[in-house]
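Those protein sequences? They're chains A and B, same order as listed. Its first residue numbered 1, the first sequence is counted upward by one per residue in the UniProt record's numbering. Its first residue numbered 1, the second sequence is counted upward by one per residue in the UniProt record's numbering. A virtual CB, placed ideally from N, CA and C, is assigned to each residue, including glycine. Worksheet for the structure shown next.
Number of protein chains: 2
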Amino acid sequence: MVARKSLKGDYCPSARALDVIGDWWSLMIVRDAFDGMTRFSEFQKSLGIARNILAERLRTLVERGILVAVPTAEGRARMEYRLTAMGKDLFPVMVALRQFGERHLFAPQEPRSRLVDRAAGRPLRLDITAEDGRAIGPDEAVIEKVPEAG
Amino acid sequence: MVARKSLKGDYCPSARALDVIGDWWSLMIVRDAFDGMTRFSEFQKSLGIARNILAERLRTLVERGILVAVPTAEGRARMEYRLTAMGKDLFPVMVALRQFGERHLFAPQEPRSRLVDRAAGRPLRLDITAEDGRAIGPDEAVIEKVPEAG
DNA sequence: CGGTATCCCTGAAGATACTG
DNA sequence: CAGTATCTTCAGGGATACCG
């Protein structure tokens, strides 16, 4: 996933974003981080991931600037992993994925976790609009190719 | 990526969504589909993916209800692959990924493709809000666990 | 052109043992 | 507890040859 041959995706922000957080475990770690988890063992227990894999993923997420590792008061190498500002900018990605999942991947009455407005306890809205406020769907949007390497 | 052991993610819509479209090639195919591509060879040329892999990915995207394969007038097994309504619901995911990529993964003057409002040619906005219209960020949202399977 | 059928190979993931 | 180091397995992906 990391060093991919430069394809047209090179110039595509989606492709780059996917390169950074596009594999299963990284996204699940980020999801748990949004859910307030910070400790190695919390992630490990929540995900059932192998420890070496978790360590490696945390390392690259830190390298990429998604998480910071801050030493805890307790001991020596004890770290807490927290989302950076950049990491928090993944919030819309998480919300979008979640809404898609809720809409299409659960039976009507099937139990599921929900992401809600903390204050009101109600589901969130996600809106894509033009600068003038018009709602924009797939058919109202178009990809502008990069000028030179079109 | 497909048959993953049931982890807590079982109840997490994000995890399920990721199971459906969470690998590199599937997302890139969907991105190209949003960009108007429909033919096997278009995807193949755009992505530089091996043909067998592309065929397999198209097949599973169709199975999962993201794409439909419609026969073309031309010949026998010639297919066009188009986004279903469900597939189009991935639009917010693509926009969110793209915005993240644009914001954090490009140098200021580095060339990139852009997703714009077709009418105005201007970038899109993506807003997450509560039902009453308040803007919601990561700190204003909370994940409600599924009732029973806590 | 639009795929399918094989073969091979790498690299990512798991298990496990070890360390401070 | 919070990792690191090592080994092994296995499936995802590339290359290639073939078919209608």
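Item: Contact set between alanine 17 of chain B and chain A, taken where Cβ atoms lie within less than 9 Å; Value: Ala96, Leu97, Arg98, Gln99, Phe100, Gly101, Glu102, His104 and Leu105
Item: Whether isoleucine 29 of chain A touches arginine 59 of chain A by CB criterion (9 Å); Value: no
Item: Reference alanine 17 of chain A; option with closest CA among B/Asp23, B/Ala17, B/Asp19 and B/Arg16; Value: B/Asp23
Item: Residues bridged to isoleucine 143 of chain A [DSSP beta-bridge criterion]; Value: B/Leu115
Item: The segment 60 to 71 of chain B / the segment 109 to 128 of chain A touching (three or more Cβ pairs under 8 Å); Value: no
Item: Beta-carbon spacing of leucine 124 of chain A, isoleucine 136 of chain B below 9 Å; Value: yes
Item: Neighbour list for serine 113 of chain A in chain B, Cβ cutoff strictly below 8 Å; Value: Tyr11, Cys12, Pro13, Ile143, Glu144, Lys145 and Val146
Item: Residue-chain proximity (methionine 79 of chain A, chain B), Cβ-Cβ < 9 Å; Value: no
Item: Cutoff 9 Å: phenylalanine 40 of chain B Cβ touching any chain A Cβ; Value: no
Item: First through last residue of the beta strand (DSSP E) which encompasses aspartate 127 of chain A; Value: 125 to 129
Item: Distance cut-off 8 Å: leucine 126 of chain A Cβ against heavy atoms of the ligand SAH; Value: The ligand SAH is not among the ligands present in this structure, which contains no ligands whatsoever.
Item: CA-to-CA distance, glycine 101 of chain B to methionine 86 of chain A, given in whole angstroms; Value: 11 Å
Item: Opposing strand residues paired with tyrosine 11 of chain A [DSSP bridges]; Value: Answer by DSSP bridge pairing: none, since tyrosine 11 of chain A is not bridged.
Item: Members of the segment 112 to 132 of chain A near chain B, C-beta cut-off 8 Å; Value: Arg112, Ser113, Arg114, Leu115, Val116, Asp117, Arg118, Ala119, Ala120, Gly121, Arg122, Pro123, Leu124, Arg125, Leu126, Asp127, Ile128, Thr129, Ala130, Glu131 and Asp132
Item: Nearest-angstrom beta carbon gap, isoleucine 21 of chain B and valine 95 of chain A [assumed within contact, 8 Å]; Value: Contact doesn't hold; Cβ gap of about 15 Å is too wide.
Item: Test item: CB-CB of alanine 55 of chain B and phenylalanine 40 of chain B under 9 Å; Value: yes
Item: Short CB-CB distance (under 9 Å) between isoleucine 29 of chain B and chain A; Value: no
Item: Proximal residues of chain B, C-beta to C-beta of methionine 37 of chain A below 7 Å; Value: By Cβ distance, chain B contributes nothing, its closest Cβ being about 11 Å from methionine 37 of chain A, past 7 Å.
Item: Cβ shell of valine 62 of chain B (< 7 Å), same chain only, five flanking positions each side left out; Value: Val68 and Ala69
Item: Cutoff 8 Å; reference threonine 84 of chain B; Cβ partners in own chain excluding five residues on either side; Value: Gly65, Ile66, Leu67 and Val68
Item: Buried versus exposed, by CB contacts within 10 Å (16 or more), proline 139 of chain B; Value: Just to set this straight, residue 139 of chain B is aspartate in the shown sequence, not proline. The residue is exposed, with fewer than 16 neighbouring Cβ atoms inside 10 Å.
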